Every structure is written in structure tokens, then in C-alpha cells.
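Peer 1: Reading the sequence shown from the start, the letters are residues 23 to 407 in this note's numbering.
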Amino acid sequence: MFKNKYLSLALFVVTPLFLFACSDSNKADSTGMTPVLLSSTSIQSTDSSTDGTSVVWSAKLSAGSQTRIFFQKPEGTAAPQVISPDVGWIDGGDSLWHVVVHDNLVVWRAWDGASYRIYAYDLSDASPEVVDISGAIESVDVFHTRGRIVVWVGNNNIVHCYNFDTDEQVDFPVTISDSDPFPKTDGRFVTWMAGLWPTFDIYVCDLDADSPTPIKLTNGGWNAHPVVHNGIVAWYGGGGGSSDEIYYADANGASPAVVRVTNNSVADDYPQISDGIIVWAASDGTDNEIYYYDTQAASPHIVKVTDNTTNDGLWPSIPRIENDLIVWSGVLSGVTGSEIFYYDLQAENPKVVRLTDNALDDQKPRVSGGMISWIAGGETYAAWQ
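1) Would you check if the distance between the CB atom of Pro96 and the CB atom of Trp350 is smaller than 8 Å?
2) Per DSSP, Leu21 forms a beta bridge with which residues?
3) How do the region 377 to 384 and the region 61 to 75 stand: do at least 3 beta-carbon pairs fall below 8 Å, yes or no?
4) Once DSSP output is grouped into helix, strand and coil, what is the label at Ser339?
5) For a test of the three-state rule: what should DSSP assign to Gly356, helix, strand or coil?
6) Express the C-alpha separation of Ser70 and Leu83 in angstroms, rounding to a whole number.
7) Since Val249 and Pro205 are thought to touch, with beta carbons under 8 Å apart, how far apart are those beta carbons, to the nearest angstrom?
8) Run through DSSP, which three-state label would Met393 get?
9) For Met215, write down the residues that DSSP places opposite it in a beta bridge.
10) Please report the straight-line C-alpha distance between Tyr315 and Met55, rounded to a whole angstrom.
11) Count Cβ pairs between the region 285 to 303 and the region 226 to 240 that sit closer than 8 Å; are there 3 or more?
12) DSSP puts Asp334 in a beta bridge; with which residues?
13) So, is Glu370 buried or exposed, given that buried needs 16 or more other C-beta atoms within 10 angstroms?
14) Between the C-alpha atoms of Asn310 and Trp302, what's the straight-line distance to the nearest angstrom?
15) Taking Gly6 as the reference, give the member of His251, Ile254, His247 and Asn252 with the closest Cα.
16) Less than 8 Å between the beta carbons of Phe186 and Ala231, yes or no?
17) In this structure, how does DSSP classify Gly307 when only helix, strand and coil are distinguished?
18) Relative to the C-alpha of Val374, which residue among Asp329, His182 and Ser305 is closest?
This is the structure we're talking about:
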């Protein structure tokens, strides 16, 4: 249950583990998944998100207008609709967190003329309204949402966790931090990073506990950008560059042990996780490739998804995963712009599938419930199974 608690710390163990395997290269799309243009009523799309039913994106109605949030159910016949807040405008730039939809809840960061705030819009409501979640107490830096839980942090170094359905909030002060904590949630667990440069530790807290208390998963060193799903926290650490490695810990147990996934001389960073499967991009010595690691497998090992001349999963189009569907964008050798690719772990014979084939720069794919959304040429696209 949600109750206010302050930070407490605990120490856990590091256990190394590394294996390796490889899969095949790019193949043509044979599944019938077809890209569909959604943003015919908007321009200059900067980001998109999907929850498997709806796609939301940030864009403008015209070149001189303010950025707004649009949404559409691609499998339906209704045209895109626009969310127009009474105040504020949507933060632009290349941030990955400024519009997210999950479980019918649209959340974004916007400027009200004095500070950045977090707003929400419930697509499941019969008469949805824009809700100011964070208020004017502080200026919000970063946020995330899953399972109708919204987490964010602002300039007061407090990790806020808000349950949209119950209107309950629990806060965890981060007393020492030289960086944004970058909180993430799976709807039950929340995780973040905190510390003084160059030492950052990873924390996790079970919001469903009788007395939610943060646990410190790491003990010193440089650890960054944790993500969580079903209580399994993944992050990268090492100090930057070629020393970065992937780690994870299962917070469902009483004493989570840290497991090292990678052990190599390249930068393994920005992992994503779903149902215990961790995905990331890293160089194979020639160009970037996509990898995954199933923490729940009988014999966990690293699988190399791609093995080609495409530069796969470059920032900000890092690989994403949900419901066993991995998506990313890659730059083909000798071709201008990126294309969207996916890899379905539930397929009878999983293979890399090229979803787009155009002269646009297809970037920042998002995935949920078998639906993929992305932006290209200032427009928003989607495809679904």
C-alpha cells in the first residue's frame, strides 16, 4: 500500500554469469505487418508511444502552433484526436520521456510558463480531462509510467510515486545525487539511481509492501539508468565507454543478488526489460548489433539477434521489448536514414524482420501488445500484428 517512507539502505552480492549464442541476419517481412501513417492532421512529430491499443504522439497542428498531444486507435476508423491543455505547451527536444501511454493513461511533461509539470489524460474515462499530477511545487525533470502508476523527480531530488486510480502518493527523498535519478516503474516496483559523481547506486522499492522501503541493490561504483519489469531490475555500470556492462537483480526475493550479464571490452548500455528478457545494443567490433538475455531461462545465455552490416540500435533508437517483441531502428550500410526492424520471440522460427523500406529516417520505435509506433520525416506511423 502507499505510505510515505524515507530512504533506507541494504547491501547485496555480485554474481558473474556470461554465455553466448547467435541468430540469423536481416530477412524480408513475411508476416503482413504494414506501416500505417497516423499523423495526417499534424506535423513535426517528435515522439510517439503505444500501449497496444492506442498510439499517442507529440506534434503540431501547424508550423506556427504550439506542440500538442495527439492520440488514435490505429485499428479503428476514428481520425486522430488532439489533447489541448488549458495551459502549457509540450516540451520538445529529443527526450525519450516526454509522452508515454500505458494502460490507457497518457502522461507527458509540459511547461506552464514557470515550471515543468506532469500531466495525465485517461483514455478509458467517458469524459477525459487533462489532470495536473505534479502541481507547481517543483519543476519536473524526468518521469515514467506503467500500470497507471506515474513516477517522477524534480529539482528537489524526491522520487514521487503517484497512483492515478486511487489518488495516493508516496515520496522517497534522494538525499545525495549529482544526477537525475531517472526513476522507472512497472506498476508495482519503482527503481532509480542516486549518488555523488562518480559513484551512483541502484535502488528499488516495492510499492505494494505494507511499509514500502527502498533497497540499495549496489554497493558503490558507477551504475546507471535502471529499468524494471515484474520486479526484475536491469541497468548498466562500470564507468562509461568500453567498461560498461549489463547487470540485473530480482527484487521479488528478500535478498536480491546482483547478476552480471556481460563481460567484454565494448560498451553495453541502456538495457530494456520485459518479462525477464533484457535487450540492449552493443558493438561486435564492426558495428552495433542487438542482443538479448532471458533471466528466466533454464540456462540463461546471451543471444545475438543481429549479425549484419546494419548499425542497429543507435541512440535514441535503442532496442525496446514488450510481450516478447523486440523493436529497434538501424542504419543500413550505404543508405541514408534509419529503418525499423523487429524480432518476434514467439514466432515459430524467430528472425529479424525489416518493417520499413523507404527514404525516410525512421526512428524511436515503441512497442506494446504487438503494436509498434515510430516517427519518420516529422510524421507518426504504426504497425500491428
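All C-beta atoms, glycine included, are put in the ideal place defined by N, C-alpha and C.
Predicted model, so just to flag it, every value in this text is computed and none were measured.
Peer 2: To lay it out plainly:
1) no
2) An answer regarding residue 21 cannot be provided, because it is not within the stretch 23 to 407 covered by the chain.
3) no
4) coil
5) Note: Gly356 maps to coil in three-state DSSP.
6) 16 Å
7) Actually they do not touch by this definition, with Cβ atoms about 10 Å apart.
8) strand
9) Ile224
10) For Tyr315 and Met55, the gap between their C-alpha atoms comes out near 26 Å.
11) No, they do not touch.
12) Note: Asp334 sits in a beta bridge opposite Gly352.
13) exposed
14) 10 Å
15) Given a span of 23 to 407 for the chain in the structure shown, any question on residue 6 remains unanswerable.
16) no
17) Here Gly307 sits in coil by DSSP.
18) For Val374, the nearest C-alpha among the options comes from Asp329.
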